[in-house]
Structure formats: structure tokens, C-alpha cells
Amino acid sequence: MSQLNRPVSPHLSVYRWPITMTLSILHRITGVGLAVGFLALAAWMLAAAAGAEEYKAFATTMSSLPGRLLLAAWSFAFFFHLANGVRHFFWDAGYGFEKHQANASAWVVIVLTVVMTLAYWLTF
Amino acid sequence: MSLRSPLGRVLGSGSAKDGTGHWWAQRVSAAGLLLLGAWFLWSLTELTDFAHAEVVAWIAQPWNSVMLLMLCCTLAWHSTLGVQVVIEDYVHGPMLKVIALLVNRFVHVFVTFVAVFAVMRISLGESP
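Put into C-alpha cells, the structure is as follows:
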């Protein structure tokens with residue numbers, strides 16, 4: 417059918433990439449990443465329940481460099497998803513839909529995420 | 009090709025019935041996770057070396073056990089709903105989509121039970 421060749425919405429390629437689109441897709445990516453983090457949380461507690469030997473194996477894996485990077489990424493994903501989730505709550509309540517407001521709140525989320533992530537790691 | 013009009017095809021099929029159910033559940037669980045997630049990360053900072061004995065003692069504290077159980081159940085619920093939307097958006101082909109949605113549900117239920125079992129074993133069972 418000729419319909420198949422028509423451009424379909426949303427025409428992402430015709431827009432200059434705005435900051436709001438970055439946050440939109442990041443919300444998804446961090447969400448999926450945190451879903452994987454849930455597996456790690458369950459594995460961590462199961463390892464603890466299994467015994468000292470099993471726990472040591474898990475702890476050794478997570479304290480390696482890739483493991484530490486993963487933990488850092490999960491903490492960043494957590495704070496981003498949290499901050500942007502609150503932004504979504506404001507939208508749900510009907511506030512902040514204007515373009516300049518959405519752009520401003522995007523930057524607020526980015527700054528808050530970086531600050532919260534750094535502050536969190538400094539508490540350890 | 010059917011000659012029936014688009015309206016004729018859907019008449020009598022009814023609505024999906026649950027309308028805003030998924031959307032609302034996503035928000036309710038998000039509000040819960042705001043509190044439980046903040047508790048979890050803040051609570052982790054109490055741990056010093058993350059050695060086995062310390063982690064087991066931490067999980068075994070009644071308040072921590074209850075909070076962890078609530079965290080895992082709420083997280084699983086929120087995560088199921090979120091991953092479901094991602095699958096619905098990006099996985100095409102009716103068969104593959106249904107399989108992916110089923111796997112999503114099953115894996116989330118499985119991981120939830122693993123987490124709940126682990127917490128219960130530590131808090132109620134013989135100390136490992």
C-alpha cells in the first residue's frame with residue numbers, strides 16, 4: 417500500500433534536538449537500567465542469605481572496577497529517574513508545560529542529578 | 009480485504025475496561041518508590057565495609073526487613089509496568105510482543121520471590 421511510504425509521526429529527524437528529548441529518552445534508559453539493578457539487588461540479598469562464601473564471591477565481583485562503575489551508573493540512574501519522575505508529577509498535575517518551563521526544568525533535573533549523585537558518594 | 013467500515017469492525021468490541029489503570033499504578037508505585045528508594049540509599053550509608061556479617065545483621069533488623077520487602081514489591085510492580093511500556097513501544101510482531109510481555113511478567117515475579125525469600129531467610133531463619 418502507498419500509505420506505508422508516508423512519513424510517520426513523530427518526525428524526530430526534522431527537529432533540532434532539544435534538551436527535553438534527551439531527558440525523555442534518558443528517563444527510559446535509566447528506567448530499564450534500574451530494572452536490571454533490581455536483579456542485582458535481589459542477587460545481593462540472596463548471596464547474603466546463602467552464606468559467607470557465596471556472599472564473598474558476589475562482593476568480590478561488585479568491588480571490581482566494572483562492578484564499581486556499574487554501581488556508580490545505578491546511583492546516577494536512580495537520582496536521575498527520581499528527579500525526572502518528580503518533574504513528571506508536576507506535568508501530571510498540569511504545571512510546567514510551556515516550552516521555556518520544560519527546558520528550564522530539564523536543566524534543573526540535570527543539575528540536581530549530578531549534585532545528588534556526587535553528594536551521595538561523598539557520604540560513604 | 010474486508011468491506012466493513014472501521015466503525016463496524018470495532019462496534020461491540022467494548023473498551024479495554026481498565027483505561028487509566030496502568031498509568032495510575034505507575035504513578036502510585038512511583039510515589040511509593042520516592043520514599044522507599046530514598047530510605048534504601050540513605051540506609052545503605054549506615055553500612056561501613058559491606059562485609060557478610062554486617063550486611064546480614066543489617067537486613068535482619070525488623071524495620072529494615074519490612075522496608076526491604078516493601079521496596080522490592082513496589083520496585084517490582086513499577087519496573088514491570090515500565091518495562092511493559094518499553095516492550096509495547098519497541099517490540100513489533102504480535103507473537104514476539106506477547107512472548108516478551110510474558111517473559112517480562114515472569115522474570116519480575118521470579119526476581120521478587122527471590123528477593124522476598126532472601127530477606128525472610130535472613131530475618132526469620134537460621135543465621136547463615
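Top to bottom, those sequences are chains A and B. Taking the numbering used here, I'd label the letters of the first sequence as residues 417 to 540. Taking the numbering used here, I'd label the letters of the second sequence as residues 9 to 136. Note that the Cβ used here is the ideal one computed from N, Cα and C, for glycine as well.
Consult DSSP for residue i and reduce its assignment to one of helix, strand or coil.
i                     : result
residue 25 (chain B)  : coil
residue 505 (chain A) : helix
residue 465 (chain A) : helix
residue 92 (chain B)  : helix
residue 100 (chain B) : coil
residue 70 (chain B)  : helix
residue 30 (chain B)  : helix
residue 19 (chain B)  : coil
residue 540 (chain A) : coil
residue 58 (chain B)  : coil
residue 37 (chain B)  : helix
Using beta carbons (cut-off 8 Å, strictly below), is residue i in contact with chain A?
i                     : result
residue 90 (chain B)  : yes
residue 136 (chain B) : Since pLDDT at residue 136 (chain B) reaches only 49, below the 50 mark, its modelled position is unreliable, and the value read off the structure follows with that caveat. True, the Cβ-Cβ gap to chain A drops below 8 Å.
residue 35 (chain B)  : yes
residue 87 (chain B)  : yes
residue 127 (chain B) : yes
residue 95 (chain B)  : no
residue 108 (chain B) : no
Would you mind giving the Cβ-Cβ distance between residue i and residue j, rounded to the nearest angstrom? I have them listed as a contact below 8 Å.
i                     : j                     : result
residue 515 (chain A) : residue 60 (chain B)  : About 53 Å separates the two Cβ atoms, so there is no contact after all.
residue 52 (chain B)  : residue 82 (chain B)  : At roughly 17 Å, the Cβ-Cβ gap does not stay under 8 Å, so residue 52 (chain B) and residue 82 (chain B) are not in contact.
residue 87 (chain B)  : residue 116 (chain B) : 6 Å
residue 448 (chain A) : residue 94 (chain B)  : 6 Å
Are the C-beta atoms of residue i and some chain B residue less than 8 Å apart?
i                     : result
residue 448 (chain A) : yes
residue 515 (chain A) : no
residue 431 (chain A) : no
residue 534 (chain A) : no
residue 422 (chain A) : no
residue 437 (chain A) : no
residue 417 (chain A) : In this predicted model, residue 417 (chain A) has a pLDDT of only 48, less than 50, meaning its place in the structure is not dependable enough to derive any value.
residue 473 (chain A) : no
residue 451 (chain A) : yes
Got a sec: which bits of the stretch 47-67 of chain B sit with their beta carbon under 7 Å from any beta carbon on chain A, in order along the chain? 49, 53, 58, 60, 63, 64 and 67
Which of the residues in the stretch 483-514 of chain A, read from start to end, lie with their CB under 7 Å from any CB of chain B? 494, 498, 501 and 508
Taking a cut of 8 Å between CB atoms, which residues from the stretch 518-533 of chain A lie near chain B? none
Contact set between the stretch 15-44 of chain B and chain A, restricted to residues whose Cβ is under 7 Å from the partner: 35, 38 and 42
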